[in-house]
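Take a look at the structure below.
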Amino acid sequence: MKQNDLILQTVTKVAAFVILLFAVAIFLGGHYSPGGGFVGGLMTSAAIVLLLLAFDIKTVTGILPIDYKLMIGSGLFISTLTVAGGLLFGVPLMTHVYHYIDLPLLGHISLHTAVLFDLGVYLVVVGVTMTIIQTIGESE
Amino acid sequence: MSNLTFMPVLWPLFTGIFLIFFAKKIKLQRGISLFSSLIGIAISLYLVLTVHKQGILTLGVGSWDAPFGIVIVADMLSSLLVLTTNIIGFAILIYSFYSIGEERERHYYYPVFQFLLIGVNGAFLTGDLFNLFVFFEVMLMASYVLLVLGGTKIQLRESLKYIIVNVLSSSFFVIMVAYLYSVLGTLNMAHISQRIAEVNQPGIISVIAIGFLIVFGLKGAIFPLFQWLPGSYYAPPIPVMALFGALLTKVGIYSIFRTYTLLFYHDQDFTHTFLAVLAILTIIIGVIGAIAYWDVKKIIIYNIIIAVGVIIFGISVMNEQALSGSILYIIHDMLIKGALFLLVGIMIKISGTDDLRDMGGLIKQYPVLAWTFFIAAISLAGIPPFSGFAGKLLILQGAAESGAYFGMAVVLLSSLMVLYSVMKIFMNGFWGTSKIDYVLPNKTVNKMLVPAVLLVIISVLFGVGTESIYPFITQAVDTLMNPDIYIKAVLKE
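If you read the protein sequences in the order shown, they are chains A and B. Residue numbers for the first sequence follow my numbering, so the first one is 3 and each next one is one higher. Residue numbers for the second sequence follow my numbering, so the first one is 471 and each next one is one higher.
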């Protein structure tokens with residue numbers, strides 16, 4: 003039986019982008035306010051899952067041809083590199099470095115190595131969530 | 471500050487991540503794993519030598535000093551265990567090439583193998599009680615995957631039990647950590663030790679000590695918390711079984727070592743007597759199991775439980791000799807259990823059965839296997855000059871010194887029974903006439919023998935050269951007997 007999911011599909015096309023943008027905002031806001039890589043990653047996967055629900059696995063893999071297992075690997079790699087950065091500079095591992103700069107448009111912002119670590123976390127969370135959901139989805 | 475302290479964790483982490491990218495290229499995975507294992511041994515050897523020269527090394531992760539941040543502490547006991555872990559990892563890795571099977575290799579066997587090493591090395595090296603929990607979890611996650619990988623019926627059944635037991639014990643671990651934190655307000659082990667010494671271990675701390683004993687006893691399989699072990703370790707393929715048998719229970723024992731010498735040592739009449747009683751019961755139960763079974767895997771698995779009892783007994787006596795004995799014995803046991811599991815695996819592969827009553831006469835076609843097994847067996851029983859002897863002797867001397875004669879007798883008798891149980895394998899498996907057709911000697915079997923022989927050689931060297939290794943053991947025991955050394959090194963007072 004064909005389901006009528008016109009409303010769901012139309013809403014999803016808009017909502018997925020809103021969720022993704024919000025995920026980025028939360029990811030970047032993570033250092034001084036609630037948020038960060040973990041929550042950002044979860045929201046991103048929520049957006050992709052919404053796409054999966056509204057359309058199907060084939061369409062979504064067509065839009066996002068990503069091997070999520072490699073995404074986990076990349077995320078881990080980025081985070082671990084950030085951890086190992088201490089080796090290069092002769093300071094304890096995981097030492098946190100930050101700096102303030104002024105940029106046009108964005109103004110006075112701070113740059114943290116923690117963001118790099120969080121980027122890794124973000125990729126791992128998206129990768130793990132999507133791998134789990136795909137594995138469950140495919141076995142049906 | 472020394473980043474070297476954390477390298478035994480960081481190195482396998484990099485290797486494991488790297489391997490994820492080459493999941494389908496089996497040959498490349500093997501090559502990278504092998505290379506990384508060798509480097510891992512080199513790193514841990516360097517760590518042992520550095521600790522020997524400079525004393526305890528610490529690393530305040532993220533430049534946060536103790537007791538506020540997490541410290542990684544490499545004292546001699548930790549470094550020696552890390553070195554042993556890496557050697558065993560190397561041997562089992564080579565064995566895996568020829569026996570684990572392509573199906574498992576393509577499903578992330580090698581990355582998960584590295585993640586298990588991260589957990590084990592990390593648990594040995596951390597100086598923070600909550601961080602110990604984290605590394606326990608890393609190790610357990612990896613062990614869940616290794617246990618279930620392949621998905622045979624028996625594996626699924628045993629994984630379920632194993633996961634339930636471990637989830638329960640992990641939650642208990644966190645509860646105990648929380649209790650301790652609410653009493654003392656710190657999680658850094660050196661700081662905890664200092665504060666317990668200040669208040670002279672009141673009753674509540676002793677209760678928490680027993681709580682921790684339950685947690686570590688579940689992982690380390692002491693009486694009466696060992697029931698999950700014979701079933702769960704029986705299920706996975708031989709390399710995984712060897713890895714679990716040689717490493718995982720030892721992490722539980724190490725934690726008992728650490729907590730009962732560094733933290734809870736003020737009320738020994740209560741805590742250490744309790745420990746001694748459990749140790750003796752563990753030995754007795756292990757002996758009964760080891761003698762009763764005709765299944766080669768089961769016999770070796772019950773021998774793990776006996777060894778756990780002997781080591782714990784050494785800790786419970788808590789004097790210099792008994793502790794040196796326990797340290798010697800735990801290293802010996804890791805090496806020899808690894809070797810025995812691999813040898814038994816080869817026997818099963820050749821004969822296609824794990825029941826001793828169906829085997830026999832293997833020595834005609836496989837003399838090298840037979841004599842390697844023989845040496846491993848008498849090392850396990852502790853016959854001089856092999857590696858089990860020095861450790862047991864010191865434990866017995868220590869026990870005699872503090873008048874624990876009953877325990878002494880049990881340990882002595884258990885050695886006889888251990889000898890009987892492994893000689894049973896030797897006599898029924900290798901002597902006599904064969905009842906079934908064996909696989910003829912071939913290249914694969916010979917290659918599988920290499921890592922097993924390697925481990926036996928190392929253990930023989932360890933036994934013969936105990937005299938030259940002894941300074942390292944003394945240094946480890948010094949730290950255990952005088953917690954002040956540890957506290958000073960960590961808190962830098």
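For every residue, glycine included, the Cβ atom is placed at its ideal position computed from N, Cα and C.
Query                                                                                                                                                                     : Result
Out of Ile21(A), Val99(A), His33(A), which one is the CA nearest neighbour of Leu44(A)?                                                                                   : Ile21(A)
Output the boundary residues of the alpha helix (DSSP H) element that contains Asp120(A).                                                                                 : 115-140
Hey, out of Gly858(B), Ile754(B), Tyr799(B), Ile895(B), whose CA is closest to Asp964(B)'s CA?                                                                            : With chain B covering only 471 through 963, there is no way to say anything about residue 964(B).
Ile74(A) CB to nearest chain B CB: under 8 Å?                                                                                                                             : yes
Can you pull out the residues from the segment 509-540 of chain B whose beta carbon lies closer than 8 Å to at least one beta carbon of chain A?                          : Leu529, Gly530, Val531, Gly532, Ser533
If you count every other CB in all the chains shown that lies within 10 Å of the CB of Gly779(B), and 16 or more means buried, which is it?                               : buried
For the alpha helix (DSSP H) that Leu527(B) lies in, which residues bound it at each end?                                                                                 : Not the alpha helix (DSSP H): Leu527(B) falls in the beta strand (DSSP E), residues 527-530.
Give the straight-line distance between the Cα atoms of Val653(B) and Val604(B), rounded to the nearest whole angstrom.                                                   : 21 Å
So Ala116(A) contacts chain B; which residues on that side make the cut at Cβ distance below 9 Å?                                                                         : By Cβ distance, chain B contributes nothing, its closest Cβ being about 10 Å from Ala116(A), past 9 Å.
For a cutoff of 8 Å on Cβ pairs, would you count Ala86(A) as touching chain B?                                                                                            : yes
So is Asn601(B) in contact with chain A if we call contact Cβ pairs under 8 Å?                                                                                            : no
So the beta strand (DSSP E) Ile542(B) belongs to, where does it begin and stop?                                                                                           : 541-544
Helix, strand or coil for Asn658(B)? Go by DSSP, reduced to three states.                                                                                                 : strand
May I ask you to report which of helix, strand or coil DSSP gives Leu105(A)?                                                                                              : strand
Any beta carbon of chain B sitting closer than 8 Å to that of Glu142(A)?                                                                                                  : The predicted model places Glu142(A) with a pLDDT of 49, which falls under 50 and marks its position as unreliable, so this point remains unresolved.
Pull up the distance between the alpha-carbon of His661(B) and that of Gly756(B), whole angstroms please.                                                                 : 37 Å
From Leu121(A) to Leu55(A), what distance separates their C-alpha atoms?                                                                                                  : 26 Å
With distances taken Cα to Cα, identify the nearest neighbour of Ile28(A) among Gly39(A), Leu10(A), Gly109(A).                                                            : Gly39(A)
For my contact list, Val608(B) and Ile588(B) are in at a C-beta cut-off of 8 Å; report their separation, rounded to the angstrom.                                         : 6 Å
Using DSSP with H/G/I as helix, E/B as strand and the rest coil, what is Thr903(B)?                                                                                       : coil
For chain A, find out if any of its Cβ atoms is closer than 8 Å to the Cβ of Phe605(B); answer yes or no.                                                                 : no
Quick one: what's got a C-beta closer than 6 Å to Phe492(B)'s C-beta in the same chain, skipping five residues either side?                                               : Leu498, Gln499
Would you kindly report the start and end of the unbroken alpha helix (DSSP H) that includes Ser514(B)?                                                                   : 496-524
From which residue to which residue does the alpha helix (DSSP H) around Gly77(A) run?                                                                                    : 70-91
Helix or strand or just coil, what does DSSP make of Ser112(A)?                                                                                                           : strand
Note down, in chain order, every chain A residue with its Cβ under 8 Å from the Cβ of Ile446(B).                                                                          : Coverage of chain B is limited to positions 471 through 963, which leaves residue 446(B) absent and any answer about it impossible.
Between the alpha carbons of Ala760(B) and Pro700(B), how many angstroms are there, rounded?                                                                              : 11 Å
Using 8 Å for Cβ pairs, my map puts Val710(B) next to Lys767(B). What's the rounded Cβ distance?                                                                          : Between Lys767(B) and Val710(B) the Cβ distance is about 12 Å, and since that is not below 8 Å, they are no contact.
Hey, is His110(A)'s beta-carbon within less than 8 Å of any beta-carbon in chain B?                                                                                       : no
Would you please state the rounded distance, in angstroms, between the beta carbons of Ile781(B) and Ile801(B)? I believe it to be under 8 Å.                             : No, Ile781(B) and Ile801(B) are not in contact; Cβ-Cβ is about 10 Å, not under 8 Å.
Taking DSSP's pairing of strands, which residues face Asp737(B) in a bridge?                                                                                              : Beta-bridge pairing links Asp737(B) to no other residue.
CB Leu889(B) to CB Ala851(B), shorter than 8 Å?                                                                                                                           : yes
As an exercise, report each continuous beta strand (DSSP E) stretch of at least 3 residues that is fully enclosed by the segment 792-844 of chain B, in chain order.      : none
For Glu142(A), collect the residues of the same chain with a Cβ closer than 8 Å to its Cβ; drop the 5 residues on either side in sequence, then sort them by chain order. : At Glu142(A) the pLDDT is 49, less than 50, meaning the model places this residue with poor confidence; the figure from the coordinates comes in the next sentence. Result list for Glu142(A): empty, nothing under 8 Å.
Exposed or buried, which one is His33(A) when buried takes at least 16 other CB atoms within 10 Å?                                                                        : exposed
Does Asn670(B) pass the burial test, meaning 16 or more other C-beta atoms within 10 Å, or should it be called exposed?                                                   : exposed
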